[in-house]
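Here the structure is laid out as structure tokens; the discussion comes afterwards.
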Amino acid sequence: MAGGAYKCARCKQKVEIDVNVRCPYCGHRILFKERGAAIKELKAR
Numbered sequence: 647m648a649g650g651a652y653k654c655a656r657c658k659q660k661v662e663i664d665v666n667v668r669c670p671y672c673g674h675r676i677l678f679k680e681r682g683a684a685i686k687e688l689k690a691r
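In structure tokens, the structure reads:
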């Protein structure tokens, strides 16, 4: 995982990660990938 926007599961801070997968604010190691703002609409078949 190189670069990208993530959100810490514990403190909810936005985190940019380089090498370490760890929140620099609280040290928690569970990060969630930020989703894009675009809403996708799919047609059900």
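Numbering (this note's numbering), first residue to last: 647 to 691.
Using N, Cα and C, we set each Cβ at its ideal position, and we do this for glycine too.
Checklist entry - What are the start and end residues of the beta strand (DSSP E) that includes C654? => result 651-654
Item to check | Separation of K686 from V665, as counted between CA atoms | outcome: 31 angstroms
Next on the checklist: What would DSSP say about V624, mapped onto helix, strand or coil?
Outcome noted: Nothing can be reported for residue 624, as the shown portion of the chain is limited to 647 through 691.
Next on the checklist: So if DSSP puts L677 in a beta bridge, which residue, or which two residues, is it bridged to?
Outcome noted: C654
Item to check | Close Cβ partners of C669 (< 6 angstroms) along its chain, the five nearest in sequence each way excluded | outcome: C654, V661
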